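Numbering (my numbering), first residue to last: 5 to 425.
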Amino acid sequence: MTPSPALPRGPWQRAARAAGLLQAAQVRPTIFAEMTALAQRTGAVNLGQGFPDTDGPASITAAAQEAIAAGANQYPPGPGHPDLLRAIADHQQRHYGLHVDPASEVLVTTGATEAIAAAVLALAGPGDEVLTLEPFYDSYAAIIALAGATHTTAPLHPTPAGFALDIEALRTAVTARTRLILLNSPHNPTGAVLEQTELAAIAAVAKERGAVVVTDEVYEHLTYDGATHVPIATLPGMGERTLTISSAGKSFALTGWKIGWVSGPAELVTAVRTVKQFLTYTTGAPFQPAIAVGLDLETTAGPDATWLTRQAASLAARRDLLLDGLHTAGLATATPRGAYFVMANAHSLLTGPLARTGISTGADLCRALPELAGVVAVPATAFTTPGSTADAGLTNWLRLTFVKSEPVITEAVARLTALSR
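What follows is the structure in structure tokens.
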């Protein structure tokens, strides 16, 4: 047998190393590509991927068009457009009383995903642990693996009122090697909005272990039933050890623009910028000043000034529509208090109408649903570590999005109800 040629030095070796790290960490291909392809192939209603089916405020899209016409089509400054840096700082002050210097404590990124990637790559590496809540957004595991760090987790457990953090498990999971605690609240996929007691417990272990907190707050304005988003950076002693990440995509229903940001202490933001400059360097020239307009909308008297509150109210109504439909179809749910998603337990389907089909898990069901019912969902185990406590507890669970129009949601739940009979 002729031996395989050695890989040449350089990019091929680095790509092979990256692939090896991902494989060793049991990181799977993104579920969203698979489910969206299923939706496109079958014509199913796609409640799997969380993107809106309508555009955001007209004043923001008009501002982008004006910026393009005015020539904002070349590289913007690496740290971000000055108007957007200022608007982000104003937003943090106005909503949370957090004072950040736009010149040194704010950085614009290509969506929140790049901000998280740059933060983990900048601050963690081999020998370090990075703790996330579990279930977790799938890119977290991938970037922790690429950094060469060890991924640890603390579980969120389902209750009828929503998912809640296992505080004792958190305290056990955070060790002397925990370099970063990567939070997400409001949480994808569970819709949990971390309570003050949960945040206080996280803050306590972070300070005890000397860990930096990186917090993904992209759903910060999308909370329901009176739930309040509290940035952990506002807790005593946490401002100096927290990087706060958010983006415009979720708040303003402009997910394709990929404008995100990170704010926090200058030395931590500088570390993130050092990595980010070798990723995309900069992004979205005409979109950055347009998002500055969006962040300032609530301070104006224009027709879009109340967009954020109206959007949250609209999503709450669509969430309730989906919840009611899922209950009619016989699925149990954990009521989300934020974000775009409902987590539903399909046990009744798997042990009832589908008992003799060979479909035995939520993952099996999600791959069969497009053909069986014309609906796409995502298995909850796409957001867990294989073999973990959270993974075992969510075997039968699905994630479905309600960031779709009411007719789309109504059609999807009608199809699921028909399947349950």
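For each residue, glycine too, the CB sits at the ideal point set by N, CA and C.
Keep in mind that this is a model prediction, so the values were computed, not measured.
| Query | Result |
| --- | --- |
| On the three-state DSSP scale, how would you describe Leu88? | helix |
| Apart from the five residues just before and just after Pro162, which ones in its own chain have a Cβ nearer than 6 angstroms to its Cβ? | Ala338 |
| Where does Ser251 land, buried or exposed, given buried means 16+ other C-beta within 10 angstroms? | buried |
| Could you give the first and the last residue of the continuous alpha helix (DSSP H) run that contains Phe282? | Segment: none, Phe282 is in no alpha helix (DSSP H) and carries neither H nor E. |
| Please classify Phe291 as buried or exposed, where buried requires at least 16 other C-beta atoms within 10 Å of its C-beta. | buried |
| What three-state label does DSSP hand Arg322 in the structure shown? | helix |
| Quick check on Arg425: does DSSP put it in helix, strand or coil? | coil |
| Would you identify the three-state DSSP class for Arg419, choosing helix, strand or coil? | helix |
| Specify, as a first and last residue, the run of the alpha helix (DSSP H) that Ile117 falls within. | Looking at the sequence provided, one finds Thr at residue 117 rather than Ile. Gly115 to Leu127 is the extent of the alpha helix (DSSP H) around Thr117. |
| Going along the chain, which unbroken runs of the beta strand (DSSP E) with 3 or more residues stay wholly within the stretch 143 to 175? | 154 to 163 and 166 to 169 |
| Going by DSSP, name the residue or residues bridged to Thr393. | Paired residues: none, contrary to the question. |
| Go through its chain and collect everything with a Cβ distance to Leu247's Cβ below 6 angstroms, but skip five positions before and after it. | Ala123, Val218, Val266, Gly268 and Leu272 |
| Tell me whether the stretch 123 to 141 and the stretch 91 to 106 touch, counting them as touching only if at least three CB pairs, one residue from each stretch, are closer than 8 angstroms. | no |
| Where does Ile363 sit, in a helix, a strand or coil, going by DSSP? | coil |
| Is DSSP giving Ala336 helix, strand or coil here? | strand |
| Quick one: what's got a C-beta closer than 8 angstroms to Asp170's C-beta in the same chain, skipping five residues either side? | Ala158, Pro159, Leu160 and His161 |
| Hey, which unbroken runs of the beta strand (DSSP E) at 3 residues or more fall wholly within the stretch 188 to 249? | 216 to 220 |
| Let me check one thing: in DSSP terms, what residues is Ala348 bridge-paired to? | Thr337 and Leu402 |
| Among the residues of its own chain, which have a CB less than 8 angstroms from the CB of Pro357, if the five just before and after it don't count? | Leu423, Ser424 and Arg425 |
| Helix, strand or coil for Pro374, going by three-state DSSP, please let me know. | helix |
| What does Asn50 pair with, by DSSP beta-bridge criteria? | Val380 |
| So which of Tyr144, Pro83 and Glu221 has the shortest CA-CA distance to Thr34? | Tyr144 |
| Count the other C-beta atoms from every protein chain shown that fall within 10 angstroms of the C-beta of Glu138, then say buried if there are 16 or more, exposed otherwise. | buried |
| In the DSSP assignment, find the unbroken alpha helix (DSSP H) run with Gly298 in it and report its ends. | Phe291 to Asp300 |
| Based on Cα-Cα distance, which residue from Asp59, Ser63, Leu42 and Ala48 lies nearest to Pro307? | Ser63 |
| Return helix, strand or coil for Val110, following the three-state DSSP convention. | strand |
| Our contact map puts Ala384 next to Pro193 with C-beta atoms below 8 angstroms; I'd like the distance itself, whole angstroms only. | 7 angstroms |
| Output the boundary residues of the beta strand (DSSP E) element that contains Thr65. | Looking at the DSSP string, Thr65 is not in any beta strand (DSSP E); the run it does join, the alpha helix (DSSP H), is Ala62 to Ala73. |
| For my contact list, Gln53 and Thr40 are in at a C-beta cut-off of 8 angstroms; report their separation, rounded to the angstrom. | 5 angstroms |
| Tell me the residue span of the beta strand (DSSP E) that contains Gly264. | Ile263 to Ser267 |
| Could you please give the first and the last residue of the uninterrupted alpha helix (DSSP H) stretch that includes Ser255? | Ala252 to Ser255 |
| Could you give the C-beta distance for Ala196 and Ser189, rounded to a whole number, given that I count them as a contact under 8 angstroms? | 7 angstroms |
| Which class does Leu258 belong to by DSSP, given the choice of helix, strand or coil? | coil |
| Could you pull the start and end residues of the beta strand (DSSP E) that Thr136 belongs to? | Glu133 to Glu138 |
| Should the stretch 398 to 415 be regarded as contacting the stretch 374 to 388, the criterion being three or more beta carbon pairs within less than 8 angstroms? | yes |
| Spatial neighbours of Asp59 within its chain, please: CB distance less than 8 angstroms, with the 5 preceding and 5 following residues excluded, ordered by chain position. | Thr65, Ala257 and Leu258 |
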